[in-house]
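Numbering (the numbering used here), first residue to last: 240 to 319.
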């Protein structure tokens with residue numbers, strides 16, 4: 240009976256150690272070193288890209304609005 244329990248405990252310990260090693264490897268792979276140093280998660284990188292896209296969209300909208308305003312001013316000036 241004790242031999243069976245010892246074998247079961249040995250198997251459980253090996254399974255736990257294997258799970259810990261797999262988890263450590265998985266965490267290591269989800270980090271990426273960036274050029275400026277440090278570690279970045281993939282979710283952080285995706286959020287940065289999304290924010291950059293939003294900023295670029297806002298910038299483009301402002302450019303188009305300025306162009307429309309200039310066009311409107313030039314049309315008003317031509318009518319005078």
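The beta carbon of each residue, even a glycine, is placed where N, CA and C say it ideally should be.
- Going by DSSP, residue 287 is part of no beta strand (DSSP E) but of the alpha helix (DSSP H) stretching over 281-318.
- Distance between residue 305 and residue 258, taken at the CA atoms: about 59 Å.
- Straight-line measurement puts the Cα of residue 298 at about 38 Å from the Cα of residue 265.
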